[in-house]
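Enquirer: What follows is a structure written as structure tokens; I'll ask about it next.
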């Protein structure tokens with residue numbers, strides 16, 4: 135499995151949404167606390183005022199005691215609060231949400247057991263190394279988890295707490311449904327806006343967001359927002375479209391817009407075998423998405439430094455060393471020279487923009 139398959143596991147943005155409301159009146163009362171909420175509530179806070187949240191007696195909502203109440207739907211805390219930006223700043227949340235309402239990506243086709251999900255994830259070298267090298271007992275947050283396949287996979291690990299957060303309730307419902315069917319008790323799901331996080335700062339050992347931030351209105355601002363959730367000594371993992379590696383996909387998009395979908399046959403993923411629904415989801419995500427941005431390795435290194443993170447590793451690696459099953463994700467590596475970083479990006483371009491030009495950067499927060 136290549137990084138494109140990893141992207142489908144780690145998901146992109148707010149997939150398959152039907153709801154994106156803010157603080158809401160409580161749902162009809164239920165007689166029990168949602169399954170696993172006791173393992174999550176300590177990480178949560180009110181996304182409006184940062185106050186602690188508590189479960190109301192009936193179990194149907196969370197409140198901060200200051201007039202902010204959030205419903206719980208299908209065992210998922212609904213903590214989405216809209217952006218409060220000035221009107222001059224463009225907010226693409228609604229158009230991205232509407233896109234994924236019609237185009238769910240990824241789905242659970244063919245993933246009908248814990249073992250089938252584990253097999254799919256572990257076919258990716260990166261996902262397998264992540265699973266094997268995570269600190270024992272780690273608290274992990276996946277921001278933009280979509281249908282939660284990576285969160286559920288990581289939640290199978292003993293002693294962990296894996297939380298997936300996304301804007302879209304339909305995707306979260308699929309994620310939580312899979313979790314419940316196969317008793318993945320260490321995985322949990324929350325609805326939120328990544329610009330107004332529902333989690334306490336410095337709460338997580340690892341924050342993962344793959345293929346998500348470049349679909350927001352402010353990619354650098356989105357990074358800063360989620361970076362605050364990492365503990366000192368913890369790690370952030372982000373996957374973004376590279377400024378050079380993305381160009382082959384954009385050239386194919388140009389051909390598709392002018393000559394029709396026949397141009398998509400230049401994409402190996404569209405010529406490959408497999409279910410038509412997956413090829414269609416890939417086509418829509420890569421060639422019909424309403425908003426995306428592209429970013430360089432140097433740019434992300436600047437984000438890391440400004441937010442108090444040191445670079446540890448990347449996929450692909452910087453310089454001559456090849457990413458392999460022996461790679462150590464969380465051990466410090468050199469950022470090499472500017473020319474080495476540029477060479478890595480040129481290689482992404484010349485390789486045809488494999489996996490949509492997605493690359494991964496990992497950093498450790500300074501203590």
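Residue numbers (this note's numbering): 135 to 501. Glycine residues also receive a C-beta, built at the ideal position from the N, C-alpha and C atoms. Since the structure is predicted, the reported quantities are computational estimates derived from the model, not experimental observations.
Keeping to the same chain, check which residues put their C-beta closer than 8 angstroms to that of residue 138; ignore five residues upstream and five downstream.
Expert: Within the chain shown, the letter at position 4 stands for residue 138. Note that residue 138 scores 41 on pLDDT, short of 50, meaning its location in the model is unreliable and no value can be drawn from it.
Enquirer: Around the C-beta of residue 501, are 16 or more other C-beta atoms found within 10 angstroms, so that it is buried, or is it exposed?
Expert: Sequence index remark: in the chain shown, residue 501 carries index 367 (1-based). Exposed, by the Cβ-count rule.
Enquirer: Which whole-angstrom value describes the C-beta separation of residue 448 and residue 495, a residue pair presumed to lie in contact below a C-beta threshold of 8 angstroms?
Expert: The residue labelled residue 448 in the question sits at position 314 within the chain shown. The residue labelled residue 495 in the question sits at position 361 within the chain shown. Contact flag correct, Cβ pair sits at about 5 angstroms.
Enquirer: Mind checking residue 118: buried by the 16 CB within 10 Å criterion, or exposed?
Expert: The chain is shown from 135 up to 501; residue 118 falls before or after that span and cannot be answered.
Enquirer: For residue 299 versus residue 324, is the C-beta spacing smaller than 8 angstroms?
Expert: For this step, residue 299 is matched to residue 165 along the chain shown. For this step, residue 324 is matched to residue 190 along the chain shown. Yes. Within cutoff.
Enquirer: Buried or exposed for residue 154, going by 16 or more other Cβ atoms inside 10 Å?
Expert: Mapped onto the chain shown, residue 154 falls at position 20. Reliability of the predicted coordinates at residue 154 is poor, the pLDDT of 35 falling under 50, and the value obtained from them is presented with this limitation in mind. Classification for residue 154: buried.
Enquirer: Starting from residue 387, trace the alpha helix (DSSP H) both ways and give me its first and last residue.
Expert: Within the chain shown, residue 387 is the residue found at index 253, counting from 1. Start and end: 381-393.
Enquirer: In angstroms with no decimal places, state the Cα-to-Cα distance between residue 482 and residue 191.
Expert: For this step, residue 482 is matched to residue 348 along the chain shown. For this step, residue 191 is matched to residue 57 along the chain shown. If you take the alpha carbons of residue 482 and residue 191, they lie about 54 angstroms apart.
Enquirer: Please go through the segment 190-240 and give each complete beta strand (DSSP E) segment of 3 or more residues, from N-terminal end onward.
Expert: List check, beta strand (DSSP E) in window: 195-197, 203-207.
Enquirer: State the DSSP-derived secondary structure class of residue 266, mapped to helix, strand or coil.
Expert: Position 132 of the chain shown holds residue 266. Helix.
Enquirer: Could you tell me the alpha carbon to alpha carbon distance between residue 472 and residue 432, rounded to whole angstroms?
Expert: Residue numbering aside, residue 472 sits at position 338 when the chain shown is read from its first letter. Residue numbering aside, residue 432 sits at position 298 when the chain shown is read from its first letter. Going by the C-alpha atoms only, they are around 8 angstroms apart.
Enquirer: Is it right to say residue 455 is buried, meaning 16 or more other beta carbons lie within 10 angstroms of its own, or is it exposed?
Expert: Looking up residue 455 in the chain shown gives position 321. Under this definition residue 455 is an exposed residue.
Enquirer: What is the DSSP secondary structure of residue 246, reduced to helix, strand or coil?
Expert: Counting from one through the chain shown, the residue named residue 246 turns up at place 112. Residue 246: coil per DSSP, three-state reduction.
Enquirer: Closest by CA to residue 173, which one among 185, 360, 207, 211?
Expert: The sequence position of residue 173 within the chain shown is 39, counting from 1. Selected option, being the one with the closest Cα: 211.
Enquirer: DSSP three-state label for residue 364, please.
Expert: Here the question's residue 364 lines up with position 230 in the chain shown. In the structure shown, residue 364 sits in a strand (DSSP, three-state: E or B).
Enquirer: At the level of alpha carbons, what is the spacing between residue 308 and residue 342?
Expert: Residue numbering aside, residue 308 sits at position 174 when the chain shown is read from its first letter. Residue numbering aside, residue 342 sits at position 208 when the chain shown is read from its first letter. Roughly 20 angstroms between the two C-alpha positions.
Enquirer: With DSSP collapsed to three states, give me the class of residue 297.
Expert: The sequence position of residue 297 within the chain shown is 163, counting from 1. DSSP places residue 297 in strand when its eight states are reduced to three.
Enquirer: Distance check for residue 288 and residue 265, CA to CA, integer angstroms please.
Expert: Locating residue 265 in the chain shown gives position 131, counting from the first residue. Locating residue 288 in the chain shown gives position 154, counting from the first residue. Using only the alpha carbons, I get a separation of about 6 angstroms.
Enquirer: Determine whether the beta carbon atoms of residue 189 and residue 178 lie at a separation below 8 angstroms.
Expert: Taking the chain shown and counting its residues from 1, one reaches residue 189 at position 55. Taking the chain shown and counting its residues from 1, one reaches residue 178 at position 44. No. Outside cutoff.
Enquirer: Residue 206: which of 424, 469, 169 sits nearest, CA to CA?
Expert: Translated into positions along the chain shown, residue 206 becomes position 72. Nearest C-alpha to residue 206: 169.
Enquirer: Count the other C-beta atoms from every protein chain shown that fall within 10 angstroms of the C-beta of residue 290, then say buried if there are 16 or more, exposed otherwise.
Expert: Position 156 of the chain shown, counted from the first residue, corresponds to residue 290. Buried: at least 16 other Cβ atoms inside 10 Å.
Enquirer: Give the secondary structure of residue 319 by DSSP, where H, G and I count as helix, E and B as strand, and everything else as coil.
Expert: Your numbering for residue 319 matches position 185 in the chain shown. Here residue 319 sits in coil by DSSP.
Enquirer: In the DSSP assignment, what are the bridge partners of residue 449?
Expert: Locating residue 449 in the chain shown gives position 315, where the first residue counts as 1. Paired residues: 494.
Enquirer: Taking 7 angstroms as the limit between beta carbons, can you name the residues of its chain near residue 358, skipping five residues before and five after?
Expert: Residue numbering aside, residue 358 sits at position 224 when the chain shown is read from its first letter. The answer, listed in chain order, is 441.
Enquirer: Cα-Cα, which of 227, 187, 213, 223 is closest to residue 424?
Expert: Locating residue 424 in the chain shown gives position 290, counting from the first residue. For the residues 227, 187, 213, 223, the minimum Cα distance to residue 424 belongs to 227.
Enquirer: Three-state secondary structure (DSSP) at residue 481?
Expert: Taking the chain shown and counting its residues from 1, the one referred to as residue 481 is at position 347. Residue 481: helix per DSSP, three-state reduction.
Enquirer: Using 8 angstroms as the threshold, is the C-beta distance between residue 368 and residue 340 below it?
Expert: Mapped onto the chain shown, residue 368 falls at position 234. Mapped onto the chain shown, residue 340 falls at position 206. Cβ distance < 8 angstroms, so residue 368 and residue 340 count as in contact.
Enquirer: If you run the structure through DSSP and keep just helix, strand and coil, what is residue 188?
Expert: Numbered from its first residue, the chain shown carries residue 188 at position 54. Residue state, collapsed to three classes: strand.
Enquirer: How about the segment 217-237 and the segment 251-271: do they share at least three Cβ pairs that are nearer than 8 angstroms?
Expert: The segment 217-237 vs the segment 251-271: no contact.
Enquirer: DSSP beta-bridge partners for residue 535?
Expert: Any answer about residue 535 is impossible in this case: the structure gives the chain only from 135 up to 501.
Enquirer: Span of the beta strand (DSSP E) holding residue 276?
Expert: Taking the chain shown and counting its residues from 1, one reaches residue 276 at position 142. Segment 273-277, the beta strand (DSSP E) holding residue 276.
Enquirer: Given this structure, state the Cα-to-Cα distance separating residue 271 from residue 338, to the nearest angstrom.
Expert: Residue numbering aside, residue 271 sits at position 137 when the chain shown is read from its first letter. Residue numbering aside, residue 338 sits at position 204 when the chain shown is read from its first letter. Residue 271 and residue 338: Cα-Cα distance of roughly 11 angstroms.
Enquirer: Could you have a look at residue 439 and say whether DSSP puts it in helix, strand or coil?
Expert: Translated into the one-based positions of the chain shown, residue 439 becomes position 305. Helix, per DSSP.
Enquirer: In the DSSP assignment, what are the bridge partners of residue 343?
Expert: For the purposes of this step, residue 343 is identified with residue 209 of the chain shown, where counting begins at 1. Residue 343 is bridged to 372.
Enquirer: Using 8 angstroms as the threshold, is the C-beta distance between residue 377 and residue 429 below it?
Expert: Within the chain shown, residue 377 is the residue found at index 243, counting from 1. Within the chain shown, residue 429 is the residue found at index 295, counting from 1. Yes, Cβ-Cβ distance for residue 377 and residue 429 is below 8 angstroms.
Enquirer: Since I believe residue 281 is in contact with residue 305 (beta carbons under 8 angstroms), could you give me their beta-carbon distance rounded to a whole number of angstroms?
Expert: Along the chain shown, read from residue 1 onward, the residue named residue 305 stands at position 171. Along the chain shown, read from residue 1 onward, the residue named residue 281 stands at position 147. Rounded, the Cβ-Cβ distance is 5 angstroms, consistent with contact.
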